[in-house]
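Participant: Going by the UniProt record's numbering, the letters in the sequence shown line up with residues 1 to 366, in that order.
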Amino acid sequence: MAATVWKNGETAVEVDLVGVHRVNKKLASGDIATYYYAWRGGPRIHAKPNTKAFIAEYFKLTRDREDTPYQGKLAEIIKEYVNSPAYQNLKSSTKEGYDIAIRAIEAEFFDMPSRRISAHGTRSIFLQWRDEIAATHPRKADLFMSVLQRILAFAYDREMISRHPLEKVEKVSDGTRRDLIWTDDEIAVMRFGRKADGDKPAIKPAPEPIVRAMMLALWTGQRQGDLLKITWSAYDGESLSLRQGKTGAHVRVKVSEELKAILDHVKRGNAVTILTNAQGKPWATGFKSSWRKAVEKAGIRGKTFHDLRGTFVTLAYRNGASIKQIAEVSGHSEKDAEAIIRKHYLVSSAAVDSIEKSRNSGLQGT
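#1: Is the CB-CB distance between Leu74 and Met112 below 8 Å?
#2: Flag Ala155 as yes when its Cβ comes closer than 7 Å to any non-hydrogen atom of the ligand NAP, and as no otherwise.
#3: Classify Ile32: buried if its beta carbon has 16 or more other beta carbons within 10 angstroms, exposed otherwise.
#4: Please tell me whether Arg139 and Ser173 are closer than 8 Å, where the distance is taken between their beta carbons.
#5: Is it right to say Gly248 is buried, meaning 16 or more other beta carbons lie within 10 angstroms of its own, or is it exposed?
#6: So the candidates are Glu80, Phe312, Tyr98, Phe192; which of them puts its Cα closest to the Cα of Val295?
#7: So which of Ser92, Ser93, Leu166, Ala107 has the shortest CA-CA distance to Thr122?
#8: Specify, as a first and last residue, the run of the beta strand (DSSP E) that Thr34 falls within.
#9: Roughly how many angstroms lie between the CA atoms of His306 and Gln224, to the nearest whole one?
#10: Using the C-alpha atoms, what's the distance from Lys303 back to Ser256?
#11: Assuming Ile117 contacts Val147 under a Cβ cut-off of 8 Å, what Cβ separation, rounded to an integer in Å, is found between them?
#12: Just curious, the beta strand (DSSP E) that Val253 is in, first and last residue?
#13: Is the Cβ-Cβ distance between Val253 and Thr220 less than 8 Å?
#14: Drop a sphere of 10 angstroms on the beta-carbon of Pro209, count the other beta-carbons inside from all chains shown, and report buried for 16 or more, exposed for fewer.
#15: Could you tell me the distance, in whole angstroms, from the CA atom of Lys200 to the CA atom of Lys293?
#16: Once you ignore the five residues that flank Ala212 on each side, which residues in its own chain have a CB closer than 7 Å to its CB?
#17: Which stretch, first to last residue, makes up the alpha helix (DSSP H) that contains Ser289?
#18: On the three-state DSSP scale, how would you describe Lys200?
#19: Going along the chain, which unbroken runs of the beta strand (DSSP E) with 3 or more residues stay wholly within the segment 218 to 286?
#20: Buried or exposed, going by whether 16 or more other CB atoms sit within 10 Å of the CB of Gln222?
#21: Distance check for Thr51 and Val5, CA to CA, integer angstroms please.
#22: Answer yes if the segment 78 to 86 comes into contact with the segment 38 to 50, meaning at least three C-beta pairs across the two stretches below 8 Å, and no otherwise.
#23: Would you say Met190 and Ala206 are within 8 Å of each other, going by their C-beta atoms?
#24: Go through its chain and collect everything with a Cβ distance to Arg49's Cβ below 7 Å, but skip five positions before and after it.
#25: In three-state DSSP terms, what is Thr51?
#26: Hey, would you say Ala339 sits closer than 8 Å to Ser330, going by beta carbons?
#27: Rounding to the nearest angstrom, what Cα-Cα distance links Met214 and Trp182 in this structure?
#28: Between which two residues does the alpha helix (DSSP H) carrying Val147 extend?
#29: From this set, Arg163, Ala316, Leu218, which residue's C-alpha is nearest residue 421's C-alpha?
#30: Cβ of Phe144 within 8 Å of Cβ of Ile133?
#31: Out of His164, Met160, His137, Thr136, state which residue places its alpha-carbon closest to the alpha-carbon of Gln149.
#32: Give every residue of the same chain whose Cβ lies closer than 7 Å to the Cβ of Ala155, excluding the five residues on either side of it in the sequence, and list them in chain order.
#33: How is Val313 classed by DSSP in three states: helix, strand or coil?
#34: Between Ile55 and Ile102, what straight-line distance do the alpha-carbon atoms span, to the nearest angstrom?
#35: Spatial neighbours of Asn277 within its chain, please: CB distance less than 8 Å, with the 5 preceding and 5 following residues excluded, ordered by chain position.
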């Protein structure tokens, strides 16, 4: 597969995809436009030809066809995987991340034969691809590798390949983001935008549904999946009640005055969930991509929605909550909650002594 680069920086690949139907059409202007279809009489492929996006769209459109043109290759393995319970039973939020990874995997390795996957030397090819991504996006690299591992495990279990080349792969990211937090300035830019200042361009506030989600996470410390499910019936005007999906714990969170003002200002309509998209509908899909776009437009780098949980820890401590109280609400261990506070909030030995004194008192009282 040869590769070139478009002037706009987009990677282009020279590859022949089986069955792609090309149609030239004369426009009213007299120019000739070329349209590409997944197969003769099939759906149109809108991505630019000879790009990885084109390859990914092609496989998305042809995946359900019985006469797949790539039998015995990774494309067929992926097709079988996405039609299996192993994929179909995933949560919709998990599928969203998997789909991004699958598109990237297909674009890179779609025509790799099963025998090549099983052969020695393939592991290094996969790891080299992972490392190229990790140079700028280590967590994305780990996600892509994790999904590829699952796909190959599926294939190995069903004897589609004779060897699993990625059974044990170490992560390239540090595996935790608990000590990363959002700064007050970053939160303010998301909420209110920023005026142009010298070389810095003006930034518009993030869309209201995104700001609402950010503030709900910031003031509750809950995980994204749990927040997207919280209903208005769980809010009594003073607190929020929910069951954490990961821990199974039932949590009641007191609502701050700032969060209360935001929630009480929301035009609910017929909405069931507190967090909705721009159409007032629950976020069945699309939240992660909408969040990423808003963060990018705000010019914020290296921070994720998940990092708002760590931000909650420092915010709660600044407002007088104990480490034990913070851990009970957020789902962090007391050790992790304390580590976050030590790194981002405590700046004097007296403050550290205060934490240790509080911990010792708690131990003596047990």
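Cβ coordinates follow ideal geometry from the N, Cα and C atoms, glycine included.
Facilitator: On the basis of the supplied data:
#1: Yes, they are a contact pair.
#2: This structure lacks the ligand NAP; in fact it carries no ligand of any kind.
#3: By the neighbour-count rule (16 or more Cβ atoms within 10 Å), Ile32 is not buried but exposed.
#4: Between Arg139 and Ser173, the C-beta spacing is below 8 Å.
#5: Sixteen is the threshold: since fewer than 16 other Cβ atoms of the shown chains lie within 10 Å of the Cβ of Gly248, the residue is exposed.
#6: Here the closest residue by C-alpha is Phe192.
#7: The shortest C-alpha separation from Thr122 is found at Leu166.
#8: Taken as a continuous stretch (DSSP letters only), the beta strand (DSSP E) holding Thr34 covers 32 to 37.
#9: Cα to Cα, His306 sits roughly 7 Å from Gln224.
#10: When rounded, the distance between both Cα atoms is 24 Å.
#11: That pair is no contact at about 15 Å.
#12: Segment 250 to 254, the beta strand (DSSP E) holding Val253.
#13: Contact flag set, yes.
#14: Counting other Cβ atoms within 10 Å of its Cβ, Pro209 reaches 16 or more and is therefore classed as buried.
#15: Answer to the nearest angstrom: the Cα atoms are 19 Å apart.
#16: Looking at the sequence itself, residue 212 is Arg, so the reference to Ala does not match. Cβ within range, chain order: Ile262, Val266, Leu275.
#17: Segment 287 to 297, the alpha helix (DSSP H) holding Ser289.
#18: For Lys200, the secondary structure class from DSSP, reduced to helix, strand or coil, is strand.
#19: Entirely contained in the segment 218 to 286, the beta strand (DSSP E) runs reaching 3 residues are, in chain order, 239 to 243, 250 to 254.
#20: Here Gln222 is buried, its C-beta having at least 16 other C-beta atoms within 10 Å.
#21: Summary for Val5: the model assigns pLDDT 32, below 50, so the residue's position carries little reliability; its value from the coordinates is reported in the next sentence. Straight-line measurement puts the Cα of Thr51 at about 9 Å from the Cα of Val5.
#22: By the C-beta criterion, the segment 38 to 50 is judged not to be in contact with the segment 78 to 86, since fewer than 3 inter-stretch pairs fall below 8 Å.
#23: Yes, they are a contact pair.
#24: The question names Arg, yet the displayed sequence has Pro at residue 49. Contacts found: Tyr36.
#25: Note: Thr51 maps to strand in three-state DSSP.
#26: Result no, Cβ atoms of Ala339 and Ser330 do not sit closer than 8 Å.
#27: So the alpha carbons of these two residues sit roughly 11 Å apart.
#28: Residues 138 to 157.
#29: One cannot answer for residue 421 here, as it falls past the ends of the chain, which runs 1 to 366.
#30: Cβ atoms of Phe144 and Ile133: closer than 8 Å.
#31: That would be His164, whose Cα lies nearest to the Cα of Gln149.
#32: Here the set comprises Ile77, Ile161.
#33: Under the three-state reduction of DSSP output, Val313 falls in the helix class.
#34: So the two alpha carbons sit approximately 12 Å from each other.
#35: The beta carbon of Asn277 is closer than 8 Å to those of Pro209, Trp283, Gly286, Phe287, Ser290 in its chain, skipping five residues each way along the sequence.
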